[in-house]
Every structure is written in C-alpha cells, then in structure tokens.
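Written out below as structure tokens is the structure these notes cover.
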Amino acid sequence: MHKLTIAMFGVAIMIAPVSASAKEKEPKPVELSAVELAALQKREIPAGVDIVFRSSISALQEMGYVNINASKDAGTITAETDAKSKLVYNIFWGFGKKKLTQLASVFVEPISPTLTRMSIKLQTVEAKARMGSSYSDGKPVAFAEPYNAFYADFEKALSVRTAEAAAPVAEPAATPAAIPGGSTQ
C-alpha cells in the first residue's frame, strides 16, 4: 500500500508540470483603445507620394496579400489575404462553408512634395455560406501586431525606393554632332 501511494505521488509530480505548461498558452494580444488604434493607423512619411504609394504596395505583397487593387489618382490601395474555406455543420442550418480573410485598405495623400500622409485600416472578414445564401461579417483589427508587421515591411520597401531615387541617374550616350565641312546640297 505504501509503495502504491509513493508511485501515485511520483506520477502526480511528473504530470503537474505538463498540465501547467499545457494551460500556459501564449497570452492573447492586448486590444488597443480607439485613440491608440487611430494613432497607429496614420503616419506622415518624409517622402514623395509616388515612393510611399509604391512602397505600400510592396509591403502588402511581402505580407502575402493578394487581389491588390490600386488607384494612384485616388490614392487608394485595397488588398486581401488568401484563405481556404472550410466545411462547417450547424444542427439548425446544416452544412455550409466558412472563410476567414483579412482586408487592408491604404490611403496615401500628399501634404507637400516631400511629405506624405498614409492611413491604413485592417479588417477581419468572416464569410459564411449556407443553404444557397451567403453573408459576411467584418470587424476592425484592434491589435498592434499586424500594423507593426506592415510598417516593418513598409520601412524596408521605403528605404530601397528612397535609395534608388537618390542614386545618380546615368546620362544617356552622347549623340554624334554634325560633322563640320560636310557636303551641302
């Protein structure tokens, strides 16, 4: 009996750290307040609107966004992530499909020739289709991580394009001048 109690105690000691580590998952990210989110979504960049616009598209591509639509005249860029749909079952509605995507909307506007304002809004959209009808629900992303990831890729693309713009442009080859004393007609 004594040996059985010791063995059970030993098993309990070995299981305790495993169950404690299983409970300790990654903490959920902290949701930002409306003021913090608004401050994170807008930036003023000391570069021309063309460079900022192209850098924004490049950052979205690096992050894996697809279906990128851009209008340079309007200063807007929209993109979405690619997601696979999965089959779901509900006892009331039956079988259906569910798809979760993230949408990005970027607005780029010039303040001056060397200063540009950029605003980015991220939204998570859950689309559901059941029994011939479909609908989607969207809600703004209120966590800092996706915005910070965008800005990290944006800063890389911006530094490359700024360096390219600052590099001296190679002069085209000189065209031969008219030969003096040539024939006249």
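Numbering (our numbering), first residue to last: 932 to 1116.
Heads up, the beta-carbon is just placed ideally off N, CA and C, and yes, glycines get one too.
Extent of the continuous alpha helix (DSSP H) run through residue i
i: E1076; result: A1075 to A1097
i: A965; result: A965 to Q972
From the options, residue whose alpha carbon lies closest to that of residue i
i: S1127; options: A1097, T1093, A1088 and A1098; result: Residue 1127 is absent from the structure shown; the chain starts at 932 and stops at 1116.
i: D1004; options: V1091, V1039 and S964; result: V1039
i: P958; options: M1049, D1084, A1096 and F1074; result: F1074
i: T1055; options: L991, L1031 and E962; result: L1031
i: L991; options: V961, L1053, D1068 and L963; result: L1053
Alpha-carbon spacing of residue i relative to residue j, whole angstroms
i: F984; j: P1099; result: 22 Å
i: A953; j: T1093; result: Low confidence applies to A953: its pLDDT is 48, below 50, so where it sits in the model is not reliable, and the reading given next is rough at best. Going by the C-alpha atoms only, they are around 47 Å apart.
i: S987; j: L1034; result: 14 Å
i: E918; j: F1026; result: Only positions 932 to 1116 of the chain appear in the structure, and residue 918 is not among them; the question remains open.
i: A1014; j: M1049; result: 27 Å
i: K1059; j: I1051; result: 26 Å
Extent of the continuous beta strand (DSSP E) to which residue i belongs
i: V980; result: V980 -> not in any beta strand (DSSP E); alpha helix (DSSP H) instead, spanning V980 to E993.
i: V997; result: Y996 to S1002
i: T1007; result: T1007 to T1012
Nearest-angstrom beta carbon gap, residue j and residue i [assumed within contact, 8 Å]
i: M1057; j: K1029; result: Residue 1057 is actually Glu in this sequence, not Met. That pair is a contact at about 7 Å.
Is there contact here, the segment 1069 to 1081 with the segment 1003 to 1013, by at least three beta-carbon pairs under 8 Å?
no
Counting beta carbon pairs with one atom in the segment 991 to 1000 and one in the segment 960 to 975, are three or more of them shorter than 8 Å?
Counting Cβ pairs under 8 Å, fewer than three are found: no touch.
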